[in-house]
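Numbering (my numbering), first residue to last: 137 to 642.
(1) Quick check on residue 639: buried or exposed, where buried means 16 or more other Cβ atoms within 10 Å of its Cβ?
(2) Taking all protein chains shown into account, do 16 or more other C-beta atoms lie within 10 angstroms of the C-beta of residue 626, making it buried, or fewer, making it exposed?
(3) Tell me whether residue 219 is buried or exposed, calling it buried when 16 or more other Cβ atoms sit within 10 Å of its Cβ.
(4) If we define contact as Cβ-Cβ less than 9 Å, is residue 367 a contact residue for chain C?
(5) Would residue 297 and residue 593 be called neighbours here (beta carbons separated by less than 9 Å)?
(6) Between which two residues does the alpha helix (DSSP H) holding residue 276 run?
(7) Excluding the 5 residues flanking residue 550 on each side, which residues of the same chain have their C-beta closer than 8 Å to its C-beta?
(8) Do the CB positions of residue 519 and residue 457 come within less than 9 Å of each other?
(9) At what residues does the alpha helix (DSSP H) containing residue 243 begin and finish?
(10) Suppose you measure from the CA of residue 413 to the CA of residue 423; what does that come to, to the nearest Å?
(11) Can the beta-carbon of residue 259 be found less than 9 Å from the beta-carbon of residue 281?
(12) Which of helix, strand or coil does DSSP assign to residue 424?
(13) Should the segment 507-524 be regarded as contacting the segment 597-611, the criterion being three or more beta carbon pairs within less than 8 Å?
(14) Rounding to the nearest angstrom, what Cα-Cα distance links residue 560 and residue 576 in this structure?
(15) If distances are taken between C-alpha atoms only, which option among 537, 455, 315 and 637 comes closest to residue 196?
(16) With C-beta atoms as the reference, is residue 253 less than 9 Å away from residue 545?
(17) Spatial neighbours of residue 614 within its chain, please: CB distance less than 6 Å, with the 5 preceding and 5 following residues excluded, ordered by chain position.
(18) In three-state DSSP terms, what is residue 473?
(19) Closest by CA to residue 350, which one among 194, 608 and 451?
(20) Between residue 212 and residue 449, which are expected to be in contact by the criterion C-beta below 8 Å, what is the C-beta distance as a whole number of angstroms?
(21) For residue 498, does the count of other Cβ atoms within 10 angstroms reach 16, so buried, or fall short, so exposed?
(22) Do residue 565 and residue 547 have their C-beta atoms within less than 9 Å of each other?
(23) Taking the alpha-carbon of residue 261 as reference, which of 525, 540 and 393 has the nearest alpha-carbon?
(24) Go ahead and pull the three-state DSSP assignment for residue 636.
(25) Closest to residue 273 by CA distance: which of 428, 403 and 496 is it?
(26) How long is the line joining the alpha carbons of residue 552 and residue 416, rounded to whole angstroms?
(27) Quick check on residue 204: does DSSP put it in helix, strand or coil?
(28) Tell me the rounded alpha-carbon separation between residue 184 and residue 267.
(29) What is the DSSP secondary structure of residue 227, counted as helix, strand or coil?
(30) Considering Cα atoms alone, identify which of 578, 334, 572 and 442 is closest to residue 460.
(31) Can you give, in chain order, each stretch of the beta strand (DSSP E) that sits fully within the segment 295-367 and has at least 3 residues?
(32) Could you say which of 479, 306, 529 and 462 lies nearest to residue 255 if we only look at CA atoms?
(33) Do residue 329 and residue 446 come within 9 Å of each other at the CB atom, strictly closer than that value?
(34) On the criterion of 16 or more Cβ atoms from any shown chain inside 10 Å, does residue 299 qualify as buried, or is it exposed?
(35) Applying the 10 Å Cβ sphere with the 16-neighbour rule, what's the burial state of residue 581?
(36) Report back the beta-carbon spacing between residue 609 and residue 317 to the nearest angstrom; my notes put them in contact at under 8 Å.
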């Protein structure tokens with residue numbers, strides 16, 4: 137490095153004639169030349185690395201021509217298609233402001249990314265989204281991957297969202313889903329059918345079920361109303377976090393901006409809401425997962441900020457994701473009437489079996505209910521590109537030498553529809569493709585609830601939520617794609633689904 141810098145500098149220096157120029161001006165000129173040489177060298181090193189980001193033939197990895205800081209959220213499908221045209225099935229670099237994220241596009245590349253150091257992967261500050269993201273979610277458990285802190289925090293959260301814990305929420309899930317369907321039916325004047333926007337109506341149910349899952353018996357109607365009141369503010373904050381790139385700057389976030397005031401307002405309200413929930417649970421001896429997790433704060437295993445941000449991650453950050461996944465699931469069922477009829481028959485048959493419970497049915501692997509849930513998630517990822525994570529050591533991915541601490545993302549759609557893994561009809565809706573297939577066979581070709589240690593903590597309850605909703609809906613209604621246009625709130629960072637569903641009573 138030193139010799140390169142010296143050569144660059146020497147090539148730029150010219151001998152100044154003795155013209156009587158004051159020495160301080162000469163020093164300024166020399167200083168400017170040195171600074172220019174350093175800048176040139178850094179830029180050259182960034183773009184012309186002689187080893188990293190090259191393959192065995194010395195070819196440099198391809199770089200996406202645009203900054204994708206917001207494009208990957210607003211136009212994920214288009215970015216994915218352009219990336220495929222650019223690099224075919226090879227990984228490529230995607231500019232993300234100060235980062236260059238490595239995009240993994242095949243199951244083999246994902247496997248190479250996870251090999252050896254998967255448990256040691258870390259997250260960049262703010263998840264690579266900047267200072268505003270750090271202030272909202274930068275210290276949540278999902279951002280602690282690959283650290284002892286992550287293990288300690290998960291030891292408090294995991295028991296509350298385990299498979300065993302799903303048995304606790306099953307009765308309240310059923311009650312909430314029944315009430316949701318009753319409200320939908322009562323909101324229409326038609327006696328035989330009604331039309332709903334899939335995303336909006338499913339998002340409202342997601343909020344209710346995620347709230348019950350987290351707060352248990354504390355979540356009465358008054359408490360839920362307070363929680364719901366903060367939803368709109370949080371959505372505005374998330375939208376600003378993704379689409380307002382000025383908020384990446386720590387200095388900018390010191391200014392008295394609208395976004396700073398919104399975040400401060402939410403953080404104060406969120407703190408008050410959760411501390412009151414803990415206090416009420418203890419005073420009235422109510423069953424409340426959030427209260428039990430709070431013991432981690434009292435024991436010094438996590439800070440109050442880490443606790444609050446992790447609850448935000450579990451609840452508000454997942455509303456849009458869970459709502460979209462459920463909306464896509466119901467929409468796919470509505471669009472395939474023959475499969476829907478067979479699924480309804482299976483549901484009615486299962487409910488006649490001795491000892492039937494929703495959780496027992498949901499846990500079965502060889503059912504149409506499980507197949508359709510998996511197939512819908514495979515074809516309709518909530519985010520086109522996954523949140524970034526950093527490699528822990530140098531490695532080779534897709535034939536290219538990748539240095540440690542490289543931020544990486546996965547093109548979820550392309551991996552989930554890889555023809556090498558799923559066949560020529562990889563992009564076709566065919567739930568029975570999962571029949572008799574061991575989940576270990578699609579470990580790297582199906583991104584369901586995240587990758588590696590970054591998998592969603594609430595995946596067990598999310599699976600139950602989806603399946604219980606499908607069962608309740610098909611018991612009462614036949615689903616059809618809506619023929620008329622529907623109004624919908626599209627203020628979301630998830631993938632878009634513009635679809636209405638017609639509910640016809642059976």
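Virtual Cβ for every residue (Gly too), placed ideally from N, Cα, C. The model shown is predicted, which means the values in this text are computed figures rather than measured ones.
Let me spell this out:
(1) buried
(2) For residue 626, the pLDDT reaches just 48, beneath the cut-off of 50, and the residue's location in the model is therefore unreliable, although a value from the coordinates is still provided. The residue is exposed, with fewer than 16 neighbouring Cβ atoms inside 10 Å.
(3) buried
(4) The chain inventory of the structure shown lacks chain C, comprising one protein chain alone.
(5) yes
(6) Note, residue 276: premise wrong, no alpha helix (DSSP H); not H, not E.
(7) 216, 220, 241 and 242
(8) Yes, the Cβ-Cβ distance between residue 519 and residue 457 is below 9 Å.
(9) 243-250
(10) C-alpha separation (whole angstroms): 11 Å.
(11) yes
(12) Secondary structure of residue 424 (DSSP, three-state): coil.
(13) yes
(14) 21 Å
(15) 537
(16) no
(17) 640 and 642
(18) helix
(19) Closest by alpha carbon: 451.
(20) So it is not a contact: roughly 21 Å between Cβ atoms.
(21) buried
(22) no
(23) 525
(24) Residue state, collapsed to three classes: strand.
(25) Comparing Cα positions, the closest option is 403.
(26) 44 Å
(27) In the three-state scheme derived from DSSP, where H, G and I count as helix and E and B as strand, residue 204 is classed as coil.
(28) Summary for residue 184: the model assigns pLDDT 45, below 50, so the residue's position carries little reliability; its value from the coordinates is reported in the next sentence. Straight-line Cα distance between these residues: approximately 29 Å.
(29) coil
(30) 334
(31) Runs found: 329-333.
(32) 529
(33) no
(34) exposed
(35) buried
(36) 7 Å
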